[in-house]
Amino acid sequence: IQARSTPGSKHVIANLFQWNWDSVANECAWLGKNGYGFVQVSPANEHIQGSQWWTDYQVVSYKIQSKRGSEAQFKNMVNACQTAGVGVIVDIIWNHMAGIDSGTGVAGSSFTHYNYPNIYTQDDFHYCGQPGNDIQNWSDTFQLQNCELANLADLKTESSKVRTTLINHTNKLIDLGVAGFRVDASKHVAVADQKAIMSKLKKQGLYYTHEVVYEGGGGVTSYDYTSIGDVQEFRYVTLMRDAFNNGNIAQLQGLKDKGWLASNKANVFVANHDRERGGYLSYKSPSNRYALAHAFSLSYPYGTPTVFSGYSFNNNDDGAPTGNYGTCNSNSGANGWQCQHRWTSIAGMVAFYNKVGTAALANWTQGNNNQIAYGRGNVGYVIINNGDAAWAKTFTTGLADGKYCDVYSGKKSGTTCTGKTVTVKSGKLTGYSVPGHTAVAIHTGAKL
Ligand code: LAG
Ligand code: CA
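In mature numbering (1 follows the signal peptide of the UniProt record, and there is no 0), each residue's number is its place in the sequence shown (first place is 1) plus 6.
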């Protein structure tokens, strides 16, 4: 198997949750110009009908036709993104089909729970011997991989028929030009089964990020999946929430030495669509915490970062607004879309991430537990104040003297800065004060 870490020099992934293909095609020019290397999109396969976002995860057939658009629109999106230098990572479901008893999918295919005409019959599914077939013991590897996750018909991924079907489906997406996959419910499909599928694909060396939620304890661990791609480090998501919500971001200092997934195997994020609905950090978090957590995530050298960009919701089930067509204002959301990927602070930090590259963590300092600052070699320096009060002191930056544009608050535009200007003297910011609930980030790519 040749799965690899995000290829190229621009690694940051924008997860445009539920944006339809036409709107992603349109947004890719902006993403490419602003330093994103990849865009992650919702599943492309036919799924059940309904207004809820999660209908996408109940597969009905492998027609490339979903609420997000047709195959032609998908193809057009991939091409537009490629032209903009942005690779498309598509959410793919190898584990299961639908969970409801019967119905008709969004492309007109009829099905019952264990019968998908011309695709699968009841022999193609696992029945794990538990009542209702659902996973009950989450530390039991057999159950995790052979029982049903939320009643979703569990594919017999060890069978050659199922494998061949999944290979053909995945090859179709490869033909359409995708750069990689977010493998849904990856933990629920045995590594051996995934290896068998991946090794037969017509293109090797694509990017894979596996959704393997870390549970602790027995059963399957995220480390088991590093031989088939990047793995999502869910302990990171939890730590971000706890650090920013509980007023202790100083504990983030040793994050890369925690014994978690290796940095070059970990895909990390402040939120994903499940987590933002589960009380973790989100656009709803108070005191700029979502932006501050991204100031950390995009400057601290651990993992490949994904920026989750979603839409406003009241009810957890709420589907995307306005015909699933994502829209933004220049640096903010529009029509119910949050457009976190465009927020001045987050887009500024993506440029910071690209500029500092592999430069080492340097000059770490902290005030109280809610105030941290550090540099990346002599290329970038960031100060994060997650507390209420201002943080004033002399910061040693490691940067060359001169004037810099703070990319958390603004953007360099010609010789001026649309945000704060920061002056480094003798390598330091002397008696410098950072207000509460804000960050300051400077780098050599935004020197004035
Ligand atoms: C995932 N990763 O492993 C997705 O990130 C997660 O969002 C998916 O669940 C899950 N796997 C299955 O692909 C989502 C919703 C569920 C929803 C499911 C299927 O979080 O709530 O389940 O998609 O649509 C829904 C109902 C369940 C019901 C099930 C089957 O909420 O009560 O049992 O449908 O009918
Ligand atoms: Ca399974």
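We put the CB at the ideal spot given by N, CA and C, even for glycine.
Residue i: CB within 8 Å of a non-hydrogen atom of ligand 2
i: L155; result: yes
i: H300; result: no
i: T147; result: no
i: residue 457; result: Here the chain covers residues 7 to 454 and nothing more, so residue 457 does not appear.
i: residue 6; result: Residue 6 lies beyond the range of the chain shown here (7 to 454); nothing can be said about it.
i: Q142; result: no
i: Q151; result: yes
Residue i CB to nearest heavy atom of ligand 1 below 8 Å
i: D280; result: yes
i: I95; result: no
i: I106; result: yes
i: S192; result: yes
i: F414; result: Checking the sequence, you will find Tyr at residue 414 rather than Phe. No, the Cβ of Y414 stays beyond 8 Å of every heavy atom of ligand 1.
i: Q259; result: no
i: Y63; result: yes
Beta carbon of residue i nearer than 9 Å to that of residue j
i: A78; j: Q46; result: no
i: L161; j: V168; result: yes
i: M355; j: A301; result: yes
i: T215; j: F187; result: yes
i: K417; j: G404; result: no
i: V197; j: V243; result: no
i: S291; j: R281; result: no
i: A447; j: S305; result: yes
i: G325; j: S116; result: no
i: H267; j: V226; result: The amino acid occupying residue 267 in the given sequence is Leu; His does not appear at that position. Contact: no.
i: G373; j: G253; result: no
In DSSP terms, what residue i is bridged to
i: Y133; result: Answer is none; Y133 lacks a bridge partner.
i: Y126; result: Y122
i: Y63; result: According to DSSP, which records beta bridges pairwise, Y63 is partnered with nothing at all.
i: D190; result: I99
i: K431; result: K434
i: G75; result: S72
i: G111; result: I54
i: A90; result: DSSP, once it has assigned bridges, lists no residue as partnering A90.
i: H300; result: None; H300 has no bridge partner.
For residue j and residue i, the rounded distance between their alpha carbons
i: Y126; j: Y213; result: 28 Å
i: T61; j: R295; result: 30 Å
i: G224; j: T147; result: 8 Å
i: A299; j: V276; result: 7 Å
i: Q55; j: P49; result: 14 Å
i: G41; j: W27; result: 20 Å
i: G111; j: V66; result: 6 Å
i: Y308; j: G114; result: 44 Å
i: N139; j: E154; result: 6 Å
i: N82; j: P441; result: 45 Å
i: A297; j: S351; result: 6 Å
i: S205; j: D181; result: 16 Å
i: I95; j: G437; result: 45 Å
i: K16; j: N124; result: 41 Å
Any non-hydrogen atom of ligand 4 closer than 8 Å to residue i Cβ
i: W100; result: Ligand 4 is not among the ligands present in this structure, which contains only ligand 1 and ligand 2.
Quick check: the region 350-367 against the region 324-333, are there 3 or more CB pairs under 8 Å?
-> no
Is there contact here, the region 435-452 with the region 399-418, by at least three beta-carbon pairs under 8 Å?
-> yes
Are the region 388-405 and the region 311-326 touching, with three or more C-beta to C-beta distances below 8 Å?
-> no
Contact the region 70-85 vs the region 338-357: 3+ CB pairs below 8 Å | Output reads no: the region 338-357 does not touch the region 70-85.
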